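J.: Using the working numbering, the letters of the sequence shown correspond one by one to residues 5 to 472.
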Amino acid sequence: MLSRSRIPSLLSLNSALGELARGARPHQAISLYNRSRCEGFFFPDNYTLPLVLKASGRLSFLRKGEELHCTSFRLGFESDVFVQNSLISMYSACGDLGTAHRVFDLVPESVRDVVTWNSMISAYAKCGVVEDARRLFDRLLDNNVVCWTSMVSGYTQSGRFREAIELFREMQVCDVKANEAIVVCVISACAHLGALDQGKWVHTYCEINGIEMGNNVNNALIDLYSKCGDLERAMRIFHGLVHRDVFSWTVMICGLAMNGNSEEALNLFSEMRSSSEVRPNEVTFLGVLSACSHAGLVDRGCFYFDCMKRTYMLTPKIEHFGCMVDLLGRANLLMEAKEFIRMMPIKADVVIWHSLLFAYQMHNNVELAEYATSWILKLEPRKCGVHVLLSNVYASASRWGDVKKVRKGMNDHGIGKLPGCTFIEINGIVHEFLAGDRSHPLVETIYNIILGMNKILLTEGYIPHTSD
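(1) In or out: A28 buried (at least 16 other Cβ within 10 Å) or exposed?
(2) My understanding is that V187 touches C210, with C-beta atoms under 8 Å, so please give their C-beta distance in whole angstroms.
(3) Could you pull out every residue in the same chain whose Cβ sits closer than 7 Å to the Cβ of V190, ignoring the five residues on either side in sequence?
(4) Under a Cβ-count criterion, where at least 16 other Cβ atoms within 10 Å of its own Cβ denotes burial, should F65 be classed as buried or exposed?
(5) Mind checking which residues open and close the alpha helix (DSSP H) that includes A401?
(6) In whole angstroms, what separates the C-alpha of S400 from that of V292?
(7) Spell out a yes or no on whether the segment 272–289 and the segment 244–255 are touching, meaning 3 or more CB-CB pairs, one atom from each, closer than 8 Å.
(8) Count the other C-beta atoms from every protein chain shown that fall within 10 angstroms of the C-beta of Q365, then say buried if there are 16 or more, exposed otherwise.
(9) So is D227 buried or exposed if we call it buried at 16+ other beta carbons inside 10 Å?
(10) Using a threshold of 8 Å, state whether the C-beta atoms of P48 and L91 are closer than that.
(11) For S96 versus V87, is the C-beta distance shorter than 8 Å?
(12) Between the segment 136–155 and the segment 172–183, do at least 3 Cβ pairs fall closer than 8 Å?
(13) Would you say the segment 341–349 touches the segment 295–314, given that touching needs at least three Cβ pairs under 8 Å?
(14) Just reading off the alpha helix (DSSP H) that D310 is part of, what are its end residues?
(15) Taking all protein chains shown into account, decide if V134 is buried (16 or more other Cβ within 10 angstroms of its Cβ) or exposed.
(16) Is K313 close to the ligand ZN? I mean its beta-carbon at under 7 Å from any heavy atom of the ligand.
(17) May I have the straight-line CA-CA distance separating A127 from A137, to the nearest angstrom?
(18) Using only the alpha-carbon positions, how far apart do N263 and D234 sit?
(19) Output the residue ranges of the beta strand (DSSP E) runs that lie fully inside the segment 42–128 and measure 3 residues or longer, sorted by chain position.
(20) Which same chain residues, not among the five before or five after D406, have their C-beta less than 7 Å away from its C-beta?
(21) What residue range does the alpha helix (DSSP H) around I169 cover?
(22) Report buried or exposed for I350, applying the criterion of at least 16 other Cβ atoms within 10 angstroms of its Cβ.
(23) Among the residues of its own chain, which have a CB less than 6 Å from the CB of T315, if the five just before and after it don't count?
(24) Buried or exposed for W3, going by 16 or more other Cβ atoms inside 10 Å?
(25) Measuring only the C-alpha atoms, how far is S297 from L101?
(26) Using DSSP with H/G/I as helix, E/B as strand and the rest coil, what is R8?
(27) Going by the beta-carbon positions, is the gap between S274 and C327 smaller than 8 Å?
(28) Please state whether the Cβ-Cβ distance between R67 and P30 is less than 8 Å.
(29) Within 10 angstroms of its Cβ, does N147 collect 16 or more other Cβ (buried), or is it exposed?
(30) What are the boundary residues of the alpha helix (DSSP H) that includes S162?
(31) Taking DSSP as the reference, what is the three-state secondary structure of L14?
(32) Leaving out five residues on either side along the sequence, give the residues of the same chain with a beta carbon under 7 Å from the beta carbon of L331.
(33) Roughly how many angstroms lie between the CA atoms of F325 and A376, to the nearest whole one?
(34) Taking the continuous alpha helix (DSSP H) assigned at N183, which residues delimit it?
(35) Distance check for N18 and H358, CA to CA, integer angstroms please.
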């Protein structure tokens, strides 16, 4: 329509820009804007600029965004909240948080609305600068559900799972009703922590408060229960789904695989292929290959790896190659695993070499363990993990001189072993422990119980593996 009109109206131009900027063709939105400006059709208004800024942000076109920023000044939009909010979002999408915050600071207090605050909070949260996001969040007196969503999401995306759950609880105290996006983030946080009781509480909260139990929420719950070992509940939710999308199938297959139910995972994958219009994606095949690896099904693993490429035209990523190396290594096909890495079309990363080293350690192959270690040290010379693993391999082979040499090398180069960390949930509260940590208020009771457990294990004949 616009191409047939000599001088389109501003309304029709904004309508076309909105469709392009929000759809799959943001490039065309910028092209249309540029062409219209060059041909002198119009002066942009406070609806035009946000649309083109959105397209610029989606494409990370910082230069174009800066040009539009200058245009907004020339047209007198420096106090227009709609334009300023769009500038904040554009700069943050392009990774320029400093300018985004400067724009935020220049917006008069009397003009700022909730969207202004949330644009800045969301910008910091998405970039992982959660402390700055939280400071802004705490300054905002009228925190609506959108701001809570940005903050909870920021904590989850940054791996700050405990803070995400704590903020969700604070949200309940403030009597703010959660939405679907928030509960998905909180359920994901519970899954990462293995906090089953808290996850069940969020599940109950959804049912009591009428949160729409769409696929996003149900898929997150399947993931939670699978990671916490409650496969019965996970399967119940999966089978209760009216419409199963690719994520539903994938999360259930991966859940079965990670819990050692390899045959069930592969059967479910076969059901997915035969009875569903949904095509598996790259993550689905990670679950399938993992199931084959844990069950020692080398031939089936190779078949599915080939099927992924030939039948579904999916390009294997480094994670898929890692699964294949793990599959061959667990099956004691050590030379085949080594050759597989050599023939890979992409360069092996440290995870691949670690998979190979674990296999060599499992089967006490010192020579090949040294070979894998040499590659890991080229990629991560300062990490302690590979030194400890190689030391364990030498210890298993009773090569104590080599154990001493590795440990001395670690000391000489100042390479320290990071303390292990674990989480445990008791009565809905997640406790975190580091190896050697004595900061817990009940530390004496805890250590006495651990000592008692060790005595029982030794009495029953358990022999600890102390090579590390």
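Yeah, the Cβ is synthetic: ideal placement off N, Cα and C, and Gly gets one too. Computed from a predicted structure; not experimentally measured.
T.: So, to answer that:
(1) exposed
(2) 6 Å
(3) V156, A168, I169, F172 and V206
(4) buried
(5) A401 -> no alpha helix (DSSP H), and no H or E assigned at all.
(6) 32 Å
(7) With the cut-off at 8 Å, the segment 272–289 and the segment 244–255 touch.
(8) Burial of Q365 is indicated by the presence of at least 16 other C-beta atoms within 10 angstroms of its C-beta.
(9) buried
(10) No, these two residues do not count as a Cβ contact at 8 Å.
(11) no
(12) Under the three-pair Cβ rule at 8 Å, the segment 136–155 counts as touching the segment 172–183.
(13) no
(14) V302 to R314 is the extent of the alpha helix (DSSP H) around D310.
(15) buried
(16) In the structure shown, the ligand ZN is absent, as is every other ligand, since no ligand is present at all.
(17) 8 Å
(18) 10 Å
(19) DSSP assignment within the segment 42–128 yields no whole beta strand (DSSP E) run of 3 residues or more.
(20) Taken in chain order, the residues that qualify are Y398.
(21) Element bounds for I169: F165 to V177.
(22) exposed
(23) none
(24) Residue 3 falls outside the range modelled here, since the chain spans only 5 to 472, and no answer is possible.
(25) 44 Å
(26) Reliability fails at R8, whose pLDDT of 47 lies under 50, so the model's placement of it is uncertain and the value that follows must be treated cautiously. Three-state result, R8: helix.
(27) Not a contact, by the Cβ cut-off of 8 Å.
(28) At least 8 Å separates the beta-carbon of R67 from that of P30.
(29) Buried: at least 16 other Cβ atoms inside 10 Å.
(30) That residue, S162, is in no alpha helix (DSSP H); it is neither H nor E in DSSP.
(31) helix
(32) L293, C296, S297, V302 and G305.
(33) Each residue's alpha carbon lies about 16 Å from the other.
(34) Segment: none, N183 is in no alpha helix (DSSP H) and carries neither H nor E.
(35) 54 Å
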